[in-house]
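K.L.:
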Amino acid sequence: MYVIYNCISEFLTLLMLEIILGIDNLIFISIICEKLPINIRDKARICGIFIALGMRFLMLYGASLILSINEQVISILNITLSYRDMFMIAGGAFLIYKSAKEIYSEVFPEDLQEIRTYSGILWATLQIVGIDIMLSLDSVISAVGITSRTYLIWIVFVIYAVMALFLSKSFSNTIRKFGNCKIIALLFIGMLGIILLLDGFKISIPHEYLYTTLVFSLAVEAIKLLKQRFNSKIEE
4 MYVIYNCISE FLTLLMLEII LGIDNLIFIS IICEKLPINI RDKARICGIF IALGMRFLML
64 YGASLILSIN EQVISILNIT LSYRDMFMIA GGAFLIYKSA KEIYSEVFPE DLQEIRTYSG
124 ILWATLQIVG IDIMLSLDSV ISAVGITSRT YLIWIVFVIY AVMALFLSKS FSNTIRKFGN
184 CKIIALLFIG MLGIILLLDG FKISIPHEYL YTTLVFSLAV EAIKLLKQRF NSKIEE
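So that you can map any letter, position 104 of the sequence shown is 107 in this note's numbering, and since no number is skipped, the others follow by simple counting.
Next up, the structure:
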């Protein structure tokens, strides 16, 4: 009985951890797929999410290797960096660039060039997998620390992948329908990039600040939309 209770407790803890740490990833997937032609969005989303799932399984098997990447390998201006730190710096810089580029295209729209189907899917898939690996490093390490039951981690990873498959599509539809939500999502990605970049340089900023800002911004936008609907009904 105790074993069953322990398994359920560990499973729920892992699932909650995966959902919380996966919010960043869902928003990024939504932004990436939203830029693709309609006929290939689902293909890119499915390919990216399930290839990333496979990479998570490999990372789980190589958990000891993941832990070893925290070893210091280089020193710059009295700051010692590990492979993980350099990975975070590169990933953070990419997210900042991606966010700035997308915001610029929203503010100064230009004629979009036609995206080739295969190159579009390939590039979107690579971005989804790359960012998922970076954002799931802490998730995998935490999961290994929470439980020694590998099968529980597998189940949670699969559940998250299925959830991401459906939720990312809903996020994409919301972003497409409400333009301000897209700007909020892009700013969120940019802020996430800054946090990861600083984390690479040993400056830690809790992700809770980022999530609080996101919730507050979405709440303001929701109130604004409700007010607009109410005013439009009065005018009618």
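A virtual CB, placed ideally from N, CA and C, is assigned to each residue, including glycine. Computed from a prediction, not measured in an experiment: that's the story for all the values here.
Can you check which of these residues, L56, M91 and C184, is closest to E37 by C-alpha distance?
P.N.:
As a working mapping, residue 37 is identified with position 34 in the sequence shown. Nearest option by C-alpha distance: C184.
K.L.:
May I ask which residues mark the beginning and end of the alpha helix (DSSP H) holding I192?
P.N.:
Residue 192 sits at position 189 when you count from the first residue of the sequence shown. Per DSSP, I192 belongs to the alpha helix (DSSP H) from G182 to G203.
K.L.:
Starting from the Cα of S142, find the closest Cα among L39, F60, K236 and T177 and give me that residue.
P.N.:
Here residue 142 corresponds to residue number 139 of the sequence shown, with the count starting at 1. Closest by alpha carbon: F60.
K.L.:
Are the stretch 146-155 and the stretch 7-16 in contact at 8 Å, needing three or more beta carbon pairs?
P.N.:
Yes: at least three Cβ pairs fall under 8 Å.
K.L.:
Within this structure, are the beta carbons of Y163 and I22 separated by less than 8 Å?
P.N.:
Mapped onto the sequence shown, residue 163 falls at position 160. Mapped onto the sequence shown, residue 22 falls at position 19. Contact flag set, yes.
K.L.:
Can you tell me whether L115 is buried or exposed, with buried defined as 16 or more other CB within 10 angstroms of its CB?
P.N.:
Translated into positions along the sequence shown, residue 115 becomes position 112. Below a pLDDT of 50, predicted positions are generally treated as unreliable, and L115, at 48, falls in that range; the measurement from the model is reported next regardless. The residue in question, L115, is exposed, as its Cβ has fewer than 16 Cβ neighbours within 10 Å.
K.L.:
Terminal residues of the continuous alpha helix (DSSP H) containing I35?
P.N.:
Taking the sequence shown and counting its residues from 1, the one referred to as residue 35 is at position 32. It spans I26 to E37 - the alpha helix (DSSP H) in which I35 sits, taken as one unbroken run.
K.L.:
What are the residues that DSSP puts in a beta bridge with L84?
P.N.:
As a working mapping, residue 84 is identified with position 81 in the sequence shown. Answer by DSSP bridge pairing, in chain order: I77.
K.L.:
Taking the alpha carbon of I52 as the point to measure from, which residue in L228, I32 and I106 has its own alpha carbon closest?
P.N.:
Within the sequence shown, residue 52 is the residue found at index 49, counting from 1. It is I32.
K.L.:
Determine the burial state of I226: buried for a count of at least 16 other Cβ atoms within 10 Å of its Cβ, exposed for fewer.
P.N.:
Here residue 226 refers to the residue found at position 223 of the sequence shown. Exposed is the call here.
K.L.:
For R44, is the classification buried or exposed, using 16 other Cβ atoms within 10 angstroms of its Cβ as the cut-off for buried?
P.N.:
What you label residue 44 is simply residue 41 of the sequence shown in a count that begins at 1. Looking at its Cβ environment, which holds 16 or more other Cβ atoms inside 10 Å, R44 is buried.
K.L.:
Is the separation between the beta-carbon of I156 and that of L15 shorter than 8 Å?
P.N.:
In the sequence shown, residue 156 corresponds to position 153, counting from 1. In the sequence shown, residue 15 corresponds to position 12, counting from 1. No, these two residues do not count as a Cβ contact at 8 Å.
K.L.:
By Cβ distance, which residues of its chain are closer than 8 Å to A96, with the 5 residues on each side in sequence left out?
P.N.:
Within the sequence shown, the letter at position 93 stands for residue 96. Hits under 8 Å: G196 and L200.
K.L.:
Suppose you measure from the CA of G182 to the CA of V165; what does that come to, to the nearest Å?
P.N.:
Counting from one through the sequence shown, the residue named residue 182 turns up at place 179. Counting from one through the sequence shown, the residue named residue 165 turns up at place 162. If I take the Cα positions, the gap works out to 26 Å.
K.L.:
Within its chain, find whatever has a CB closer than 8 Å to the CB of S171; leave out the 5 residues flanking it on each side and keep chain order.
P.N.:
In the sequence shown, the residue the question calls residue 171 occupies position 168. Excluding positions up to five away in sequence, the list reads L29, I32, S33, C36, R48 and I52.
K.L.:
Candidates P209, M19 and S220: which alpha carbon is nearest L189's?
P.N.:
Within the sequence shown, residue 189 is the residue found at index 186, counting from 1. The shortest C-alpha separation from L189 is found at S220.
K.L.:
Taking the alpha helix (DSSP H) that G57 belongs to, which residues open and close that run?
P.N.:
For the purposes of this step, residue 57 is identified with residue 54 of the sequence shown, where counting begins at 1. I41 to Y64 is the extent of the alpha helix (DSSP H) around G57.
K.L.:
Can you tell me whether M194 is buried or exposed? The criterion is at least 16 other CB atoms within 10 Å of its CB, across all chains shown.
P.N.:
Within the sequence shown, numbered from 1, the residue matching residue 194 stands at position 191. Looking at its Cβ environment, which holds 16 or more other Cβ atoms inside 10 Å, M194 is buried.
K.L.:
For a quick check, are the C-beta atoms of L39 and A127 less than 8 Å apart?
P.N.:
The count along the sequence shown starts at 1 and reaches residue 39 at position 36. The count along the sequence shown starts at 1 and reaches residue 127 at position 124. In this structure, A127 lies closer than 8 Å to L39 by Cβ.
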